[in-house]
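Quick note, the sequences are listed as chains A and B, same order. For the first sequence, my numbering gives the first residue as 30, with consecutive numbering after it. For the second sequence, my numbering gives the first residue as 52, with consecutive numbering after it. We treat Cβ as the ideally placed atom computed from N, Cα and C, and that holds for glycine. This one's a predicted model, so the numbers in the text were calculated from it and none came from an experiment.
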Amino acid sequence: MQAMHAMRMNPPSPSPHGVSRARLGTGLPARAGAGFKPQHLQDWMEDANAPAFFEVHAENYMGAGGPPHAWLTRMREQRPMSLHGVGLSIGTEEPLDRNHLDRLAYLVDRYQPDAVSEHLAWSTHGDHFLNDLLPLTYDTRTLDRVCTHIEQVQTRLRRPILIENPSIYFEFEASTFSEQDFIRQVVERSGCGLLLDVNNVYVSCRNNQRDPLAYLDCLPLHAVGEIHLAGHAEQVDEDGNLVLIDNHGAAVTDAVWALYARVLLRTGPIPTLIEWDSDVPAYAVLSSEAHAADLNLDALQNVHDGIAA
Amino acid sequence: MNAMSTQSSFAAALWQPGLGVPAGLRVTAGINPAQRFAIHRNNIVVALVDALAADFRVTQALVGEDFFRAMARERVRTDPPRSPIISEYGAGFADFIAACHSAAPVPYLADVARLEYLRTQAYHAADADPLDVSHFHTLLATPERIAGTRLALHPACAWLSSRYAVHSIWAAHQGLADISDARLGAIDLDKAECVLVTRPQSDVCVDPLPSGATDLLDRLRTGMPLGALHMDHRRQASTVSLETLLVLLIQHQLVVALDSTPE
Numbered sequence: 030m031q032a033m034h035a036m037r038m039n040p041p042s043p044s045p046h047g048v049s050r051a052r053l054g055t056g057l058p059a060r061a062g063a064g065f066k067p068q069h070l071q072d073w074m075e076d077a078n079a080p081a082f083f084e085v086h087a088e089n090y091m092g093a094g095g096p097p098h099a100w101l102t103r104m105r106e107q108r109p110m111s112l113h114g115v116g117l118s119i120g121t122e123e124p125l126d127r128n129h130l131d132r133l134a135y136l137v138d139r140y141q142p143d144a145v146s147e148h149l150a151w152s153t154h155g156d157h158f159l160n161d162l163l164p165l166t167y168d169t170r171t172l173d174r175v176c177t178h179i180e181q182v183q184t185r186l187r188r189p190i191l192i193e194n195p196s197i198y199f200e201f202e203a204s205t206f207s208e209q210d211f212i213r214q215v216v217e218r219s220g221c222g223l224l225l226d227v228n229n230v231y232v233s234c235r236n237n238q239r240d241p242l243a244y245l246d247c248l249p250l251h252a253v254g255e256i257h258l259a260g261h262a263e264q265v266d267e268d269g270n271l272v273l274i275d276n277h278g279a280a281v282t283d284a285v286w287a288l289y290a291r292v293l294l295r296t297g298p299i300p301t302l303i304e305w306d307s308d309v310p311a312y313a314v315l316s317s318e319a320h321a322a323d324l325n326l327d328a329l330q331n332v333h334d335g336i337a338a
Numbered sequence: 052m053n054a055m056s057t058q059s060s061f062a063a064a065l066w067q068p069g070l071g072v073p074a075g076l077r078v079t080a081g082i083n084p085a086q087r088f089a090i091h092r093n094n095i096v097v098a099l100v101d102a103l104a105a106d107f108r109v110t111q112a113l114v115g116e117d118f119f120r121a122m123a124r125e126r127v128r129t130d131p132p133r134s135p136i137i138s139e140y141g142a143g144f145a146d147f148i149a150a151c152h153s154a155a156p157v158p159y160l161a162d163v164a165r166l167e168y169l170r171t172q173a174y175h176a177a178d179a180d181p182l183d184v185s186h187f188h189t190l191l192a193t194p195e196r197i198a199g200t201r202l203a204l205h206p207a208c209a210w211l212s213s214r215y216a217v218h219s220i221w222a223a224h225q226g227l228a229d230i231s232d233a234r235l236g237a238i239d240l241d242k243a244e245c246v247l248v249t250r251p252q253s254d255v256c257v258d259p260l261p262s263g264a265t266d267l268l269d270r271l272r273t274g275m276p277l278g279a280l281h282m283d284h285r286r287q288a289s290t291v292s293l294e295t296l297l298v299l300l301i302q303h304q305l306v307v308a309l310d311s312t313p314e
């Protein structure tokens, strides 16, 4: 597995700003990838023009064996892989679940993914798993705790991880940092990279009447190792107010594509993943979303080639 | 409010809508924080109910979607998951159903749920190569070793003995374009049945077992050698012969190792 991985790994390529992707702990190509769903296995295998990398939720592959590991092994042999945790509860007020961290470490050892990521959120309390990515109060106490937990994960996995910005529906009065400033502190202190979910930026900013471009201005964009794009739902609450729900259940909206293009101009080409987790479409629909992201990456390359020439 | 109480009160309010919305949420003018907090309440419950519905398709078909989802919501409320591995949340659902008064008119429902969770477990169980039949030939060629031999069973195999016709009920729901088209009219629901769940290759298989076989399998799994199993079997006047059991083990590729070393 190790030798195979070394052969497939892309050499770190300098971004337009001279930042090596390898420094951010990802060996993913700066192309479009897609979330892998088992029902798409055959289509991925037969598609010569398939997305350049795939991502799986770590918790779906924590069983001892069976078909999930067989699929993952086949996919891993063909494509760079991003392992995305959804259950480690980095922001929990309690100690990290060591058993869960061990399970994640096992997957990392076994599959040698090109990127490992988790969320800036919490999802466990006491004995219970709350099965949602819950928001954090952004204060120094949370900052200390989150950094300690990320360092614990990075030490256990012996590699830096990427942390994803959340989608939020409200903020906390007790927060003393903006989310952007909090994320910048986390990146600086823990040495982790940023998984920039552009849909989450859009959803959070719309829901809390913030300016997404101003939000991006304050983020540590030099640390972005992967981008997520996904669809969201528009919902009207009982008072008639619009709220955007991050449900990964539809095509990426025009507004998020536009924001993505703005992000790329600032970051240079970044591995970009299409997430689609509910109402999962046919493979062709998913891969065409990935190709749309590739067009953005191509356009960016042309801009940079033009500047270089 | 100290930081420790923030997540505690947040978590309590998530599970108990009667507690209202935790203090300290900030929303923009004109927005009701309760509406926003409800998004998380809804996310948690809907995702878990969906996960149960995906793993208990026959159970759901037997009672209909509305009843099933109401029952699953009650499970989520009273017995939330304790692990981030959601495929394990089905553990205990059958016991919950067995204790659920509103499900009492469908007395076989809990055992069907038990069978469906055995399938989920088999699906995720460790990989192991079934023993080639030549190993059994070798064993039979040295009869003096048979009595002391213990069998290691495949990690994915499991079985169930029910007072109801669980295998027939489950089988009636397979291969249909719409699972709700399943008909139970021809099944004697009160006929006791035993079921074997295996995963010899990648697919999980469900097969009927002769009654009495599950007792023998239980004892085999504890590591009882074949000789002792034979004695036990004669004492209990089991309805299944040891020969029948061995044929089953070979047919369904249930054995991954033979151990003939003395204990």
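Item, Value
"Terminal residues of the beta strand (DSSP E) in which residue 151(A) lies", "151-154"
"Residue 192(B): contacting residues in chain A (beta-carbon distance under 9 Å)", "The contacting residues do not exist; residue 192(B) stays about 32 Å from chain A at best."
"Alpha carbon of residue 191(A) to alpha carbon of residue 248(A), nearest angstrom", "14 Å"
"Contact list for the region 216-238 of chain A against chain B, Cβ threshold 8 Å", "236, 237 and 238"
"Selection of the region 199-215 of chain A by Cβ proximity to chain B, strictly under 7 Å", "199, 200, 201, 202 and 203"
"Contacts that residue 131(B) makes with chain A (C-beta to C-beta distance below 9 Å)", "156, 157, 158, 159 and 160"
"CB contact below 8 Å: residue 98(B) versus chain A", "yes"
"Boundaries (first-last residue) of the alpha helix (DSSP H) holding residue 158(B)", "Neither: residue 158(B) is in no alpha helix (DSSP H) and is coded neither H nor E."
"Assigned exposure category for residue 191(B) - 16 Cβ within 10 Å defines buried", "exposed"
"Straight-line gap, residue 120(A) to residue 164(A) (C-alpha atoms, nearest Å)", "9 Å"
"Residue 138(B) at chain A interface by Cβ criterion, 8 Å", "yes"
"Proximity below 8 Å, CB of residue 309(A) to CB of residue 66(A)", "yes"
"Beta-carbon separation (whole angstroms), residue 69(A) vs residue 312(A), contact threshold 8 Å", "4 Å"
"Interface flag, residue 84(B) vs chain E, CB-CB below 8 Å", "Among the protein chains in the structure shown, which are A and B, there is no chain E."
"Minimum C-alpha distance to residue 249(B) - residue among 259(B), 96(B) and 64(B)", "259(B)"
"Other residues of its chain near residue 148(A): CB distance less than 6 Å, five sequence neighbours each side excluded", "162 and 193"
"Anticipated Cβ contact below 8 Å, residue 132(B) with residue 169(B), distance rounded", "About 19 Å separates the two Cβ atoms, so there is no contact after all."
"Residue 314(A), buried or exposed, once every other Cβ within 10 Å from all chains shown has been counted against 16", "exposed"
"Alpha carbon of residue 137(A) to alpha carbon of residue 282(A), nearest angstrom", "33 Å"
"Spatial distance of residue 299(B) from residue 226(B) (CA atoms)", "25 Å"
"Neighbour flag for residue 216(B) against chain A, beta carbons, 8 Å", "no"
"Simplified DSSP state of residue 51(A), which is helix, strand or coil", "Reliability fails at residue 51(A), whose pLDDT of 42 lies under 50, so the model's placement of it is uncertain and no value is given."
"Assigned secondary structure, residue 77(B) (DSSP; H/G/I helix, E/B strand, else coil)", "strand"
"Closer than 8 Å to chain B by CB, residue 147(A)", "no"
"Where the alpha helix (DSSP H) through residue 208(A) begins and ends", "208-219"
"is_contact[residue 270(A), chain B] using C-beta, thresh 8 Å", "yes"
"Cβ of residue 163(A) within 8 Å of any chain B Cβ", "yes"
"Rounded separation between residue 216(B) and residue 240(B) - CA only", "5 Å"
"In DSSP terms, what residue 147(A) is bridged to", "192(A)"
"Any chain B beta carbon closer than 8 Å to residue 334(A)", "no"
"Anticipated Cβ contact below 8 Å, residue 130(B) with residue 143(B), distance rounded", "7 Å"
"Coil, strand or helix - residue 60(A) by DSSP", "coil"
"Residue 245(B) and residue 221(B) closer than 8 Å at C-beta", "no"
"Cβ-based neighbour list, residue 205(A), same chain, cut-off 8 Å, excluding 5 preceding and 5 following", "167, 168 and 169"
"Bridge-paired residues (DSSP) for residue 310(B)", "201(B)"
"Enclosing alpha helix (DSSP H) for residue 177(A) [first to last residue]", "169-186"
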